[in-house]
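Okay, structure first, notes after.
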Amino acid sequence: MSTISRPEVEHLARLARIDMTDEELDRMAGQLGAVLDAVQQVASVVSDDVPATSHPVPLTNVTRPDVVRPGLSAEDALAAAPEAEDGRFRVPQILEEDA
Amino acid sequence: MSTTDVELVDYDEAVAEFDPVLGLEVHVELSTVTKMFSAAPTEFGAAPNTQVDPTSLGLPGALPVLNAKALESAVRIGLALNCTIASYCRFARKNYFYPDMPKNFQTSQYDEPIAYDGWLDVDVPASEDGSKPAFTYRVLIERAHMEEDTGKSLHVGGSTGRIHGAEYSLVDYNRAGIPLIEIVTRPLEGTGDRAPDVARAYVAALRDVLRSLDVSDVKMEQGSLRCDVNLSLRPTPDSPLGTRSETKNVNSLRSVERAVRYEVSRHAAVLRAGERVVQETRHWHEDTGLTTSGREKSDAEDYRYFPEPDLVPITPDPAWVEELRAALPEPPAQRRKRLQAEWGFSDLEMRDTANAGAVDLVEATVAAGASPAGARKWWTGELSRRANAEGVELSALRVGPADVAELQALVEAGTLTDRLAREALDGMLAGEGSAAEVVESRGLAVVSDESALVAAVDAAIAANPGVVEKIRGGKAQAAGALIGAVMKEMRGKADAARVRELVVERVGG
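Residue numbers (our numbering), protein chains in the order written: chain A, 187 to 285; chain B, 365 to 873.
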């Protein structure tokens, strides 16, 4: 049944910056496994002549001209920011990684 | 952030013992007026968060639409780099958490780049001391793909202003979403001890190509052209590739060369000590000429790419691609060779002209009637000095090719001496009018009235009997004093060579 291992869940949690307890990891492995099982049913009807679908509508080459349209003012842009300073978004310090 | 503890190996020893392999990734910011996926403006240096809209801020519900001009530029870059243009390609989401990307993913291309499998022939100049010859190296281009730039973070607090010790960061999203083309080479093998020169020459050649296409302002110092240098060493050219480091933030041609040299020496030291090179991102420091360790490449590499559902696939019309190909400008290296032959310049003269950014200006000045040598002399000499002093580009000076051609014509006609021509240039740069107008208004023309010159020479002879005695006594160089006196009398507006002839003639042997 479960096609996703606990170490895989741990890895995903780390990538997503989510702290999870041992118990949560176990539970999530089972739940994600069930989700994967459900999606996996699609594989039973896949044949070699059907390419994987990334876009449900048969559109290509949608572009817009390189013409400026008014965007947001700095004030509007920052209106929903939890914190702002000097016209910029203020975010917590970034640990262990470098810009 | 510690520099390596290992003592560096001397560069020449390092390349005698190991075979370097390079890989270069160049990001170029396109000079479109709007962003890659939205109509927000892209003005450089604007106040923080004023060049943004819901899409570049990643606000919920905002949908991206591709910039047609950016797509066209990407295809033209691909064609200029002799790439195949994809008949079908998609965008992909590159997922990572970092506040410079408000969506928590960067829209990029993954396994379907717009352009792939190209090449660029690079002319690597001889070393300065002439001990290593010039040669041409073909850099193979793996791919050129479209993506978007990130925002800029300012780290606040801590002692160094760098990220370590910072208490918080301030983010400006003006740059987020600006169109980028990332150009990735295949491994550059067989460069041997010339690896730093090849790396530099490649970035310079690529910059010339991009400039000729007019797709970017290619200013490395402003970050519109950025280079990441991958380097690894192996014992011999037949050995498998060694572990590479990726040095970021290398933002001048000279730094590209220095960073390669440094990494060659550092890798050699690590390998010689019997240790393993760590696969990691490193940061180049312009001030110290060192690289320091950034993050190790491990989990961070897991970007979980998947096709971007909000942007539809691109299928460039082959007829359109051929139209763009037919309209490409002459490749810069080829054009430079053609012009050098037409102008009869030496390699050094041509390189000086190119380094001064004056090839187009010399071409236009020659087209306006000046001799190539005369045009070169002005643009790489006096005008380069003036532009440097004012801190502007040559092309931003008030004096253009037609003005220079007119000024040079006056010099060649004998109306102006070099000194008077420089004075005329002062007036032209000050906006006093054309060369002829400035000569007229400032009264600069050389006095060609022979009788006035003779009178001045005779007066100088009469006033300096001591000097005349010396000349007659065989000290020919004493004539300089008389010539000086005449030039002063004529307020510089005389042809010094003619004055010398007259002095010799009138003093007699």
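Ideal placement from N, C-alpha and C gives every residue a C-beta, glycine not left out.
Remember, predicted model here, so these are calculated numbers, not experimental data.
- In this structure, the alpha-carbon of B/E393 lies about 31 Å from that of B/L597.
- The Cβ-Cβ distance between B/A434 and B/T396 falls below 7 Å.
- Between B/A432 and chain A, the shortest Cβ-Cβ separation is below 7 Å.
- B/R571 and B/L589 have their C-alpha atoms spaced approximately 8 Å apart.
- Sequence-distant Cβ neighbours of B/C447 in its own chain, meaning closer than 7 Å and more than five residues away, are A479, Y480, D481, G482, I505 and A508.
- Cα atoms of A/R274 and B/S580: separation of roughly 27 Å, rounded to the nearest angstrom.
- Residues of chain B with a Cβ closer than 7 Å to the Cβ of A/A263 are, in chain order, N413, V416 and L421.
- A/P237 is outside the set of residues whose beta carbon lies under 7 Å from a beta carbon in chain B.
- If you draw a straight line from the Cα of A/A267 to the Cα of B/L423, it comes to about 11 Å.
- The criterion of a C-beta distance shorter than 7 Å is not satisfied by B/L386 and B/A569.
- The beta carbons of A/T189 and A/L222 sit closer together than 7 Å.
- Restricting attention to B/E833, B/D822 and B/P696, the CA atom closest to the CA of B/E853 is found in B/D822.
- The Cβ-Cβ distance between A/V195 and A/A215 falls below 7 Å.
- The straight-line gap separating the alpha-carbon atoms of B/A632 and B/G556 is approximately 14 Å.
- Judged by DSSP secondary structure, B/N615 falls outside any beta strand (DSSP E); it is assigned neither H nor E.
- The DSSP-derived three-state label of B/S472 is strand.
- Contacts with chain A at 7 Å (Cβ-Cβ) include B/D536.
- In this structure, the straight-line span from the alpha carbon of B/A683 to that of B/G721 is close to 35 Å.
- Of all residues in the segment 199-211 of chain A, only R200, L201 and R203 come within less than 7 Å of chain B when Cβ atoms are compared, listed by chain position.
- Relative to B/Y566, the option among B/P671, B/I441, B/Y501 and B/R625 whose CA is nearest is B/Y501.
- Taking the Cα positions, B/R575 is about 12 Å away from B/D724.
- In this model, B/D383 and B/G554 are separated by some 8 Å (Cα to Cα).
- B/A842 is a Cβ neighbour of B/V831, given a cutoff of 7 Å.
- Interface annotation, A/V225: not in contact with chain B, CB-CB separation never under 7 Å.
- Where B/A563 is concerned, the enclosing alpha helix (DSSP H) starts and stops at A559 to L577.
- For a cut-off of 8 Å, the C-beta gap from B/S629 to B/L372 is around 4 Å, short enough to register as a contact.
- Between the C-alpha atoms of B/V642 and B/L595 there is a straight-line separation of about 12 Å.
- Remark: C-beta atoms of B/Q698 and B/N538 do not approach each other more closely than 7 Å.
- Taking the beta carbon of A/R276 as reference, the chain B residues within 7 Å of it are Y532 and L534, listed in sequence order.
- DSSP, read as helix, strand or coil, puts B/H519 in strand.
- Nearest to B/E546 by C-alpha distance, out of B/V562, B/C591, B/D417 and B/F401, is B/C591.
- The alpha helix (DSSP H) runs of length 4 or more contained entirely in the segment 219-271 of chain A are, from start to end of the chain, 260-265.
- Using a Cβ-Cβ cut-off of 7 Å, A/Q279 is close to A530, E531, Y532 and S533 of chain B, given in chain order.
- Apart from sequence neighbours up to five positions away, the residues of its chain that approach B/R640 with a beta-carbon distance below 7 Å are T607, ordered along the chain.
- The beta carbon of B/A732 sits no closer than 7 Å to any beta carbon of chain A.
- Using a 10 angstroms sphere on the CB of B/I441, the tally of other CB atoms reaches 16 or more, which defines it as buried.
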